[in-house]
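Here the working numbering is used: the first residue of the sequence shown is -19, the next is one more, and so on. Written out below as structure tokens is the structure these notes cover.
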Amino acid sequence: MSLTTFFIRKSFKAGDDKRDAGLSTPETIERWDDICYGMDPQWQVLDVYRPKNPGHALPVIVSIHGGGWTYGDKERYQFYCMDLASRGFAVVNFTYRVAPEWKFPSGLHDTCLVFQWLFGQADCGWFDLSHVFAVGDSAGAHMLTIYCAACGNPDYARQMGLVIPRTSEGEAFCPSAVGLNCGVYAIDFATGNTLTRNLMKALLPHHAKDPSEVSLVNPVPFITDHFPPAYIMTANRDQLAGPPAQKVLTEKLDTLQIPYIDKTYGTDAEPQDHVFHCDLRNPVGKLCNDEECAYFLSHIQE
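Laid out in structure tokens, this is it:
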């Protein structure tokens, strides 16, 4: 393990522990934990959270957690995901394989398996599979962008060996809309952020020395007009993936005439930092989550 990975795991865990101290499962939420969606009972497990006794199937949010591609699991995102569920959604919160123990694109293969698992639950009555959304935070936003690009670009999916789940109509499944939170969408291995470049070297099988794998982790050129509507947000003082990290993505979406909202949260008087929205005690984070979930609900009403 590199010093960078060690630092990320230690510092991110300390921050997450402080953020979530004292939180517990809300009385209004029911949860099902540690459901295997693959063959690995450690890495390929998920939780489902729903408001208690909704009386009907609910629209779904699938969450891809952050952690610099090297850290994190569903436990670190349980309270954020239950908070999303309280807004009237069934939320799928999953653990995926991270670097350096697992290399790219292992986490993307896990993401495909989660969506495949979800579509295998058509008869359980929990999920409204006609309205499936997804959120990704930080590295998770990067992964979700890759997944959605691959949904509309079979050659891109083939190069990564991804098996995109199919709907009952036989079409490649892509979420109805996505929330891309505090993400990086273009990896510059020459002049980009040093921390991001070092984490990518831990993630990539050839440590970013193979031009083909460097190409694959830069999803924007592979995006087609099948990319879903997106709520793209960042924080004004984000030191890891702040403005203008999303500009290369929004310019591509403009070219393809794909609808999106591009929102930066925080002011000089009340600055916001990386993944501020995961802090349930942060009123600006609550506002962000309210607005992002309202964006999803607007796609149900259309």
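Yeah, the Cβ is synthetic: ideal placement off N, Cα and C, and Gly gets one too.
* Asked: Of the residues Pro6, Ile144, Glu231, which one's Cα is nearest the Cα of Arg67?
  -> Pro6
* In this structure, does DSSP put Val269 in helix, strand or coil? -> Residue identity check: residue 269 is Asn in the sequence provided, not Val. It is helical.
* So, helix, strand or coil for Lys32, using DSSP? -> coil
* Asked: Going by DSSP, what residues sit across from Ile39 in a beta bridge?
  -> Strictly speaking, residue 39 in this sequence is Pro, with Ile absent from that position. DSSP output for Pro39 lists Asp108 as bridge partner(s).
* Where Ala70 and Ala249 are concerned, what is the direct C-alpha to C-alpha distance, given to the nearest angstrom? -> 35 Å
* To do: Can you tell me the Cβ-Cβ gap for Val143 and Ala166, rounded? I've got them flagged as a contact below 8 Å.
  => In fact, because the Cβ distance is near 26 Å, the residues do not count as touching under 8 Å.
* Asked: Does the stretch 25 to 43 come close enough to the stretch 102 to 114 that 3 or more CB-CB pairs lie under 8 Å?
  -> yes
* Contact between the stretch 145 to 156 and the stretch 126 to 134: three or more CB pairs below 8 Å? -> yes
* Nonlocal neighbours in the same chain, by C-beta distance under 7 Å from Pro251, ignoring five residues either side -> Asn216, Arg217
* Asked: Is Glu81 helix, strand or coil by DSSP?
  -> coil
* Gly120 to Tyr211 span [Cα, whole Å] -> 14 Å
* Asked: Taking C-beta to C-beta, are Ile9 and Pro34 nearer than 8 Å?
  -> no
* Just tell me which of Thr174, Lys(-10), Trp106 has its CA closest to the CA of Ala65. => Trp106
* In the DSSP assignment, find the beta strand (DSSP E) that holds Val94 and state where it starts and stops. => Run containing Val94: none in the beta strand (DSSP E); it sits in the alpha helix (DSSP H), 86 to 99.
* Nearest to Gly52 by alpha carbon, out of Gly132, Pro85, Lys(-10)? -> Lys(-10)
* Can you list, in chain order, the residues of its chain whose CB lies under 6 Å from that of Ala79, leaving out five sequence neighbours each side? -> Trp49, Thr50, Ala182, Leu183
* Tell me whether Met180 sits in a helix, a strand or coil according to DSSP, three-state version. => helix
* Residue range of the alpha helix (DSSP H) that includes Cys131 -> 119 to 131
* Where Glu81 falls, given that 16 or more other Cβ within 10 Å makes a residue buried -> exposed
* Asked: Expressed to the nearest angstrom, what Euclidean distance is found between the alpha-carbon atoms of Val28 and Leu93?
  -> 15 Å
* Asked: What number of angstroms, rounded off, separates the C-alpha of Lys83 from the C-alpha of Phe95?
  -> 20 Å
* Would you decide whether Lys(-2) is buried or exposed? Buried here means 16 or more other CB atoms lie within 10 Å of its CB. => exposed
* **Between the CA atoms of Met(-19) and Gly172 - distance to the nearest angstrom** => 22 Å
* Cβ neighbour criterion (16 or more within 10 Å) applied to Gln226 -> buried
* To do: Taking Trp97 as the reference, give the member of Phe256, Met19, Asp168, Asp135 with the closest Cα.
  => Met19
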